[in-house]
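First the structure, in the form of structure tokens, and then the observations on it.
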Amino acid sequence: MFSANWWETRSSGGRFGIHIGLNAPRIASRRRTKKRSQRRCTLKITFENTKKLPETMSSSNDVSSVLTTYTKCINFAAVKHRNQRRLDSDKTPYINHPIGVAQILTAEGDITDFEVIQAAILHDTVEDTDTTFEELEREFGYAVRRLVEEVTDDKTLPKAERKRLQIEHAAGTSPQAKLVKLADKIYNLRDLQRCRPEGWTEERCRDYFTWAKRVCEGLRGTNQALEGILDEIFKQEGVE
Numbered sequence: 001m002f003s004a005n006w007w008e009t010r011s012s013g014g015r016f017g018i019h020i021g022l023n024a025p026r027i028a029s030r031r032r033t034k035k036r037s038q039r040r041c042t043l044k045i046t047f048e049n050t051k052k053l054p055e056t057m058s059s060s061n062d063v064s065s066v067l068t069t070y071t072k073c074i075n076f077a078a079v080k081h082r083n084q085r086r087l088d089s090d091k092t093p094y095i096n097h098p099i100g101v102a103q104i105l106t107a108e109g110d111i112t113d114f115e116v117i118q119a120a121i122l123h124d125t126v127e128d129t130d131t132t133f134e135e136l137e138r139e140f141g142y143a144v145r146r147l148v149e150e151v152t153d154d155k156t157l158p159k160a161e162r163k164r165l166q167i168e169h170a171a172g173t174s175p176q177a178k179l180v181k182l183a184d185k186i187y188n189l190r191d192l193q194r195c196r197p198e199g200w201t202e203e204r205c206r207d208y209f210t211w212a213k214r215v216c217e218g219l220r221g222t223n224q225a226l227e228g229i230l231d232e233i234f235k236q237e238g239v240e
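Residue numbers (the UniProt record's numbering): 1 to 240.
Below, the structure written as structure tokens:
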């Protein structure tokens with residue numbers, strides 16, 4: 001179930017917000033007994049003060065335009081990922097992942113950069129669907145295309161090589177792209193803590209945590225809050 005709305009309050013300097021929700025099955029913890037329940041995956045973007053908004057965004061029409069852009073991004077990603085599922089036992093809809101990455105950026109990283117949030121929602125469309133970079137540029141502009149390009153693996157390469165290149169290229173990516181990568185890693189590692197993917201051994205899970213930490217070392221100095229979350233995850237898992 002998908003829903004979206006926007007709201008505005010002009011008191012105390014102004015509050016603008018966007019709230020987007022998606023109901024999906026909750027992933028059971030791999031450390032606990034599995035059970036099915038419902039998890040509401042939400043993307044809530046709130047600007048507590050209008051000073052955090054771009055200078056060009058000063059009216060309700062501008063806010064409505066932002067909502068249109070975000071819902072367009074989510075609709076685009078939802079259509080592209082419509083037949084894909086996560087690897088958990090409940091086969092969670094894949095669209096939960098990009099929405100969750102955007103939510104981490106806004107709610108936990110305090111990111112209000114529109115291009116970064118759009119790129120987060122769209123970050124797997126080229127890598128995992130039939131989307132092209134040209135299509136992204138046509139629909140969302142060059143800046144968003146560029147960010148998605150930076151975080152997209154070349155699927156023509158062997159998986160081991162793609163993982164090696166993520167480590168090698170991490171430090172050289174733009175600050176905006178690093179934000180998307182940090183949030184993406186947080187989402188995936190949290191998922192791995194909750195539930196081992198089908199077909200994965202404990203050793204493979206452990207290897208993923210170790211590899212992710214090596215990637216994240218190249219993303220340091222980007223966002224203290226997100227990096228702190230990752231540090232805590234690695235500490236919980238005993239990854240040094």
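Using N, Cα and C, we set each Cβ at its ideal position, and we do this for glycine too.
Is the beta carbon of valine 180 less than 8 Å from the beta carbon of valine 116?
-> yes
Any 3 or more C-beta pairs closer than 8 Å across the segment 148-167 and the segment 176-192 | yes
Report buried or exposed for residue 243, applying the criterion of at least 16 other Cβ atoms within 10 angstroms of its Cβ.
-> Since the displayed the chain opens at 1 and closes at 240, residue 243 lies outside it and no answer follows.
May I ask which residues mark the beginning and end of the alpha helix (DSSP H) holding histidine 169?
-> 159-169
Report the option in Gln224, Lys235, Asp191 and Glu202 whose CA atom is closest to the CA atom of aspartate 88.
-> Asp191
Please list, in chain order, all residues of the same chain as isoleucine 233 whose beta carbon is under 6 Å from its beta carbon, the five residues on each side excluded.
-> Leu189
Taking C-alpha atoms, which residue in Leu157, Lys91, Ser174 and Thr210 lies nearest to alanine 119?
-> Ser174
Using 8 Å as the Cβ pair cut-off and three pairs as the minimum, do the segment 162-173 and the segment 210-220 touch?
-> yes
So isoleucine 121 packs on isoleucine 186, CB below 8 Å; how close in whole Å?
-> Wrong, their Cβ atoms sit about 16 Å apart, outside the cutoff.
Where the alpha helix (DSSP H) containing tyrosine 208 begins and where it ends | 202-217
Strand pairing of proline 93, partner residues [DSSP] = Arg85
Residues of its chain near alanine 171, where Cβ-Cβ distance is below 6 Å and the 5 sequence neighbours each way are ignored | Gly218
Take lysine 91 and list the residues in its own chain whose beta-carbon comes closer than 7 Å to its own, dropping the five residues that flank it on each side.
-> Arg85
Stretch pair the segment 96-105 + the segment 121-134: three plus CB contacts closer than 8 Å = yes
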